[in-house]
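Numbering (the numbering used here), first residue to last: 4 to 163.
The structure appears right after this line, and notes come after that.
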C-alpha cells in the first residue's frame with residue numbers, strides 16, 4: 004500500500020511542478036485552482052486586439068451609422084403614418100360630401116317625379132270627385148236621417 008501511495012504522491016507532485024512551470028510566465032498567470040483551472044486562452048490574437056484598441060473610433064462610427072439609419076427609418080415610418088391619417092381625414096370628408104350629394108339627387112328626383120305625376124294625379128282626383136258626387140241611395144240597413152229644413156218658406160222634415 005505504501006508503494007502505491009508514494010507513487011500517487013510523486014505523480015501529484017510532478018503534475019503540480021509542471022503546472023507551476025507552465026504558468027510561471029507573465030503572459031500566462033497561475034490559476035487559483037490547479038485541478039480545475041479557470042484561466043481561458045485569449046480568443047483573439049494580439050494583432051487583432053491591438054487593431055480594435057487602436058481603432059476604437061471605427062466601432063463608434065459603425066454604431067453611430069446604425070443608430071442614424073434606425074432614426075431615419077423610424078422618422079420615415081412616422082411621416083407615412085401622418086400621411087395615412089391625413090388621407091383618412093380627407094376620405095371621411097369626401098364620404099360626407101358624397102352622401103350629401105346623393106341626398107340632394109334623391110330630393111331632385113322626387114321633385115321631378117312629383118312634377119311628372121301631377122297631371123295624372125289631377126285626372127285621378129277628378130275621377131274620384133265625379134264618383135263621390137253621385138247620388139247615393141240609402142242602404143237598407145241604415146235608416147234615413149230626417150232634419151228640419153225650410154223649403155219654400157215652410158219648415159218641413161227633410162230626409163236624406
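Using N, Cα and C, we set each Cβ at its ideal position, and we do this for glycine too.
Computed from a predicted model, the values in this text were never measured in an experiment.
query	result
Delimiting residues of the beta strand (DSSP E) encompassing residue 161	157-162
Span separating the alpha-carbon of residue 130 from that of residue 124	10 Å
CA-to-CA distance, residue 106 to residue 94, given in whole angstroms	18 Å
Through-space distance from residue 149 to residue 156, alpha-carbon basis	18 Å
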